[in-house]
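S.K.: Okay, here's the structure, questions in a sec.
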Amino acid sequence: MPIRLIIADDHPLLIDGVRAVIEEMDDVVLLDSVTNGRQLMDRLLKQLVDMVLLDLNMPHLDGISTLTILKERQPHLKVIIFTSYDQPKLIKEIKSLGADGYLLKTSSSSVLKEAIIAVAAGATWFPDEVVASSTPELLIDDFTIKYQITKREVEIIRLIVQGFSTRQIGERLFISEFTVNSHRRNIARKLGIDTPIGLLNFAKEQGLI
């Protein structure tokens with residue numbers, strides 16, 4: 001049975017290029033293309049899909065939020081992040097969120113084919129230099145246990161107290177302003193702090209800055 005694939009990207013020219021590559025592959029069929037995360041969720045309710053090529057920078061629901069939801073709802077669905085962001089820190093985060101691959105849009109058609117085949121076979125596909133240099137990190141410590149704060153929320157707290165706006169935080173972390181605001185609400189609820197000065201004092205007390 002061929003690999004059933006969907007592309008989630010809001011750039012028509014790129015989708016056309018990927019479609020042309022996939023049409024050259026005997027064991028892959030492109031079922032559909034969508035332009036944002038919400039459309040993707042809708043398609044997945046209606047179609048049996050094996051793999052998604054997922055852009056990070058999309059309207060309505062960004063790629064990181066979409067990836068998180070997909071891996072919670074359909075953990076066996078193969079997801080390859082397909083992006084122009086070549087940043088080791090971001091790649092490591094994507095890997096930690098459960099993505100099966102990370103492919104740059106500057107990759108050749110042969111690399112795209114290799115990545116699809118490898119991930120479909122159960123392997124992962126990440127830049128060699130990142131995978132080779134990555135080391136396990138302590139994800140849970142006394143602080144996160146006590147306050148039920150996630151790693152992402154700690155990162156956002158640090159940026160808030162440094163004076164970054166919601167838009168700037170979104171741009172820095174490659175997430176939407178909607179997602180940043182969701183994190184901010186969760187932080188305020190968990191910590192019982194809803195003012196910047198209160199958050200600053202808390203960050204100082206906890207050694208976050």
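Numbering-wise, the sequence shown is residues 1 to 209 according to our numbering.
The beta carbon of each residue, even a glycine, is placed where N, CA and C say it ideally should be.
What you are looking at is a predicted structure, and each value in this text was computed from that prediction instead of being measured.
1) For the alpha helix (DSSP H) that S65 lies in, which residues bound it at each end?
2) For I80, which residues from the same chain have a beta carbon less than 8 angstroms from its beta carbon, with the 5 sequence-adjacent residues on both sides left out?
3) Closer than 8 angstroms, CB to CB, is S176 near chain B or not?
4) Would you tell me roughly how many angstroms separate the C-alpha atoms of L200 and Q87, rounded to the nearest one?
5) To test your reading of the DSSP string, which unbroken beta strand (DSSP E) runs of 3 or more residues are found completely within the stretch 1-51?
6) Give the DSSP bridge partners of K92, in chain order.
7) Round the Cβ separation of I210 and V18 to the nearest angstrom and send it over; I've been treating them as touching at under 8 angstroms.
8) Counting only the same chain and skipping the five closest in sequence on each side, list residues whose C-beta sits under 6 angstroms from that of S84.
9) Measure how close the beta-carbons of R184 and I149 come, nearest whole angstrom, since I'm counting them as under 8 angstroms.
10) Any idea if D62 is buried or exposed, counting beta-carbon neighbours within 10 angstroms, 16 or more meaning buried?
11) Quick check: the Cα distance between D27 and K113, rounded to an integer number of angstroms?
12) Check each candidate in V111, D16, F82, K151 and name the one with the smallest Cα separation from E93.
13) For L54, which three-state DSSP category applies?
14) Going by beta carbon distance, what residues of the same chain come within less than 7 angstroms of L13, once the five residues before and after it are set aside?
15) Suppose you measure from the CA of K190 to the CA of Y147; what does that come to, to the nearest Å?
16) Can you give me the start and stop residues for the beta strand (DSSP E) that I80 sits inside?
17) Hey, how far is the Cα of N181 from the Cα of T166?
M.R.: To lay it out plainly:
1) Here the alpha helix (DSSP H) through S65 covers 63-73.
2) Cβ neighbours of I80 within its own chain (closer than 8 angstroms, five residues either side excluded): M51, V52, L53, L54, A99, D100, G101, Y102, L103, A115, I116, V119, W125.
3) Given the protein chain composition of this structure (a single chain), no chain B is represented.
4) C-alpha of L200 to C-alpha of Q87: approximately 28 angstroms in a straight line.
5) Scanning the stretch 1-51 for uninterrupted beta strand (DSSP E) segments of 3 residues or longer gives 3-8, 28-34, listed from N- to C-terminal end.
6) Beta-bridge pairing links K92 to no other residue.
7) Residue 210 lies beyond the range of the chain shown here (1 to 209); nothing can be said about it.
8) Same-chain partners within the cutoff: K105.
9) That belief does not hold up - the Cβ atoms of R184 and I149 are roughly 13 angstroms apart, past 8 angstroms.
10) Around the CB of D62, 16 or more other CB atoms lie within 10 Å, so the residue is classed as buried.
11) Whole-angstrom Cα-Cα distance: 10 angstroms.
12) For E93, the nearest C-alpha among the options comes from K151.
13) Three-state result, L54: strand.
14) Around L13: no qualifying Cβ.
15) Using only the alpha carbons, I get a separation of about 7 angstroms.
16) For I80, the enclosing beta strand (DSSP E) begins and ends at 78-83.
17) In a straight line, the C-alpha of N181 is about 7 angstroms away from that of T166.
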